[in-house]
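Protein chains in written order, with our numbering: chain A, 1 to 336; chain B, 337 to 672.
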């Protein structure tokens, strides 16, 4: 991989922990050939960089004295032009960055991206697409929180965005689309699903599988799971929460007796692969699809590995010309 | 435990497997002192019983020549008075059975219970309450599938039903209620949640905790999780599906190398407790709350242990006079 001339803008003081994981992740990504612009209070960023040797690495700093706190309102992005997330999305808008990545306030990141970058043609509302580990590798689910109340047509637009995303960035040529519901039969679901089903069925550019159920999400029955942002957010957080609870139980069980402790020493290596597979850091960040620019939203608790993987993913999306491809596919799509 | 004079009516040929798990589960429950009436085609039931010695056990047979198949419509219960589920709910209605239990068509079971038994006062729609394993033991979630589209007032009624259920049957005196949403803050959620939140807050007879997120479900943050039947059904099936996928991965990992295999022998016992905790059979069946009678709906794939536990739970609910308590609490409740 050679260094791209256009850097990824990282909202580098955002997130639960602040500078450390951002700076470390940026350095790891830069070592892998990705240019990074750290956006944030200049003094703080230089202080955070001081303990690292970044000689020769493609890392720069862009000053942004303001930061939207995790407890502030997403709508605060409107008036605060010096807020780091606004500076980051503006760099994308102005063609000075390939993508914006933030582990900060996800509502603010969405709002900033939407206000600064605008929407792609044929998209009513942008959606957040996340990767979920499945029995078949990983799947893509959207929306996972940008839109709590949605219209049926949005689901078709999102299926379209996700299809192109997987095609371009993950090299899946004809990804299948599942509509999350409470029964596989066409006539089962809530009012939204019942309305969306025939629209998805009619969209000839999509590989629509039909309705899927909660159990299909981690089975990986389809490449893509489309759902409203309320259900998707709950599914995502439940899946992460359950993995955490189960691994807590396993850890407890493996230290419960001398025999189990001994066995644990032998199986630890084998089990670590599963924990890795379930770790959200593996996927780095979720992408906000539907805005006219690349924007990625990470977990506030993400570590350096999450930041690095988010930057690599953003870089890959840019290299693959995701935005241009999305734009082209949307323009060519049959109207819904 | 002494035998109750009033038996539990079991829809004994229903479910994916048919007679075997039902008859075996009934025998196990009868040995524990629970009277059971097996409802179904008399000839088939006597054939299934032939290989067992039930001398002295409180098991009887009630003939019901018809059975609603898993692929038929729930509405079919209307015209088919000899269908086993209709015979079972009629036994409850006529005071000849304490409760009806079925592992069959869940939509048909709901429809039959609602049509035959009617609703309790102050209940617009019955809901299915299920038990979910959590880090703190187990929790109760409703609705998990009876109502895909709901009104805010239903959620308050369901919180009330679940509160009394846990108080009476599980001896939790002041169970906490969480409203499933996409953020803990009062102002986060979809339109339904935003409307339900203040109603729940205003219900002085409830111990309302506030909004909870997907991750709280298995953490057991609250005793009760209230949500619409669409979200609840997806959450339930996702939780079961994820456990299955993760245990599949663990099984694979523990047989991946000689070292892991050796370790697996030592940790197997310790891990089995976790699998048990996650096994839906442990909880037996879900209860349909809001109808004027006790009705339980089990997994179609339930085994004899699931049937036994469903019968024991139904027996306990009857002994504790759940129905009378629900009726009294609903009459005393402040209007919503």
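Note that beta-carbon positions come from the ideal geometry of N, C-alpha and C, so glycine has one too.
Cβ atoms of residue 395 of chain B and residue 372 of chain B: under 8 Å apart, would you say? Taking 8 Å as the Cβ cut-off, residue 372 of chain B and residue 395 of chain B qualify as a contacting pair.
Quick check: what's the CA-CA separation for residue 416 of chain B versus residue 402 of chain B? In this structure, the alpha-carbon of residue 416 of chain B lies about 8 Å from that of residue 402 of chain B.
Tell whether a beta-carbon distance below 8 Å holds between residue 478 of chain B and residue 562 of chain B. In this structure, residue 562 of chain B lies closer than 8 Å to residue 478 of chain B by Cβ.
Is there a Cβ from chain A that is less than 8 Å from the Cβ of residue 602 of chain B? With 8 Å as the cut-off, residue 602 of chain B counts as an interface residue toward chain A.
Report the three-state DSSP secondary structure of residue 382 of chain B (helix, strand or coil). The DSSP-derived three-state label of residue 382 of chain B is helix.
Beta-carbon proximity list for residue 204 of chain A, same chain, < 7 Å, skipping 5 on both sides: Correct list, in chain order: 334.
Assuming residue 104 of chain A and residue 15 of chain A form a contact by the criterion Cβ under 8 Å, report the distance between their Cβ atoms to the nearest whole angstrom. Yes, they are in contact, since the Cβ atoms of residue 104 of chain A and residue 15 of chain A sit about 6 Å apart, within 8 Å.
Considering only the alpha carbon of each residue, which of B/663, B/432, B/414 lies closest to residue 444 of chain B? Out of B/663, B/432, B/414, B/414 has the C-alpha closest to the C-alpha of residue 444 of chain B.
Any idea if residue 55 of chain A is buried or exposed, counting beta-carbon neighbours within 10 angstroms, 16 or more meaning buried? The residue in question, residue 55 of chain A, is exposed, as its Cβ has fewer than 16 Cβ neighbours within 10 Å.
For residue 477 of chain B, which residues in chain A fall below 8 Å Cβ to Cβ? The contacting residues do not exist; residue 477 of chain B stays about 11 Å from chain A at best.
For residue 430 of chain B, which beta-bridge partners are listed by DSSP? None, per the DSSP bridge assignment.
Which term fits residue 347 of chain B, buried or exposed, when burial requires 16 or more other beta carbons within 10 angstroms of its beta carbon? When all chains shown are included, residue 347 of chain B counts as buried.
One question on the structure: do residue 460 of chain B and residue 490 of chain B come within less than 8 Å of each other, judged by their Cβ atoms? Annotated as proximal: residue 460 of chain B and residue 490 of chain B, with beta-carbon spacing under 8 Å.
Output yes or no for whether 8 Å exceeds the beta carbon distance between residue 428 of chain B and residue 629 of chain B. Yes, the pair counts as a contact, with Cβ atoms nearer than the cut-off.
Please compile the residues from chain B whose C-beta is within a distance smaller than 8 Å of the C-beta of residue 274 of chain A. Result: 582, 585, 586, 589.
DSSP beta-bridge partners of residue 291 of chain A: DSSP output for residue 291 of chain A lists A/119 as bridge partner(s).
Would a C-beta distance cut-off of 8 Å place residue 547 of chain B and residue 230 of chain A closer than the cut-off? Residue 230 of chain A sits away from residue 547 of chain B, with the two beta carbons spaced by 8 Å or more.
To the nearest angstrom, how far is it from the Cα of residue 339 of chain B to the Cα of residue 531 of chain B? Note that residue 339 of chain B has pLDDT 46, beneath the 50 cutoff, so the model's placement of it is unreliable and the number below is only indicative. If I take the Cα positions, the gap works out to 47 Å.
Measuring only between beta-carbons, confirm whether residue 15 of chain A sits less than 8 Å from chain B. Among the CB atoms of chain B, none fall inside 8 Å of the CB of residue 15 of chain A.
Could you spell out the range, first to last residue, of the beta strand (DSSP E) harbouring residue 210 of chain A? Taken as a continuous stretch (DSSP letters only), the beta strand (DSSP E) holding residue 210 of chain A covers 207-212.
Does the beta-carbon distance from residue 661 of chain B to residue 480 of chain B come in below 8 Å? Cβ atoms of residue 661 of chain B and residue 480 of chain B: not closer than 8 Å.
Give me the subset of the region 122-156 of chain A whose CB atoms are less than 7 Å from a CB atom of chain B, sorted by chain position. Hits within the stretch, in order: 135, 145, 148, 149.
For the region 241-261 of chain A against the region 175-194 of chain A, do three or more pairs of beta-carbon atoms, one drawn from each stretch, fall closer than 8 Å, so that the two count as touching? Taking a cut-off of 8 Å on C-beta distances, the region 241-261 of chain A does not touch the region 175-194 of chain A, as fewer than three cross pairs fall below it.
Considering only DSSP beta bridges, list what residue 202 of chain A is partnered with. Within the DSSP secondary-structure output, residue 202 of chain A pairs in no beta bridge.
Do the region 280-290 of chain A and the region 603-615 of chain B make contact, defined as three or more Cβ pairs closer than 8 Å? With the cut-off at 8 Å, the region 280-290 of chain A and the region 603-615 of chain B do not touch.
Check residue 403 of chain B in the structure and name its three-state DSSP category. Note: residue 403 of chain B maps to coil in three-state DSSP.
N- and C-terminal bounds of the alpha helix (DSSP H) containing residue 642 of chain B: 640-655 is the extent of the alpha helix (DSSP H) around residue 642 of chain B.
For residue 473 of chain B, the first and last residue of its enclosing beta strand (DSSP E): Per DSSP, residue 473 of chain B is one residue of the beta strand (DSSP E) stretching across 473-478.
Mind listing the chain A neighbours of residue 571 of chain B? Cutoff is C-beta to C-beta under 8 Å, in chain order. What residue 571 of chain B touches in chain A, judged by beta-carbon distance under 8 Å, is 214, 234, 235, 238, going in chain order.
Using a Cβ-Cβ distance under 8 Å, would residue 184 of chain A count as near chain B? Not one chain B Cβ lies under 8 Å of residue 184 of chain A.
Could you tell me if residue 601 of chain B is buried or exposed, where buried requires 16 or more neighbouring beta carbons within 10 angstroms of its beta carbon? In summary, residue 601 of chain B is exposed, with fewer than 16 beta-carbon neighbours lying within 10 Å of its beta-carbon over all protein chains present.
Taking all protein chains shown into account, decide if residue 96 of chain A is buried (16 or more other Cβ within 10 angstroms of its Cβ) or exposed. Exposed is the call here.
Report the neighbours of residue 189 of chain A on chain B: residues whose CB is nearer than 8 Å to its CB, in chain order. Neighbours of residue 189 of chain A in chain B, taken as residues whose beta carbon is under 8 Å from its own, are 484, 566 in chain order.
What does residue 408 of chain B touch in chain A if you count any residue whose Cβ is under 9 Å from its own? Ordered by position in chain A, no residue passes the 9 Å Cβ test against residue 408 of chain B, which lies about 12 Å from the chain.
Which of the three DSSP states, helix, strand or coil, is assigned to residue 234 of chain A? Three-state DSSP puts residue 234 of chain A in a helix.
Would you decide whether residue 299 of chain A is buried or exposed? Buried here means 16 or more other CB atoms lie within 10 Å of its CB. Buried, because 16 or more other Cβ atoms sit within 10 Å of the Cβ of residue 299 of chain A.
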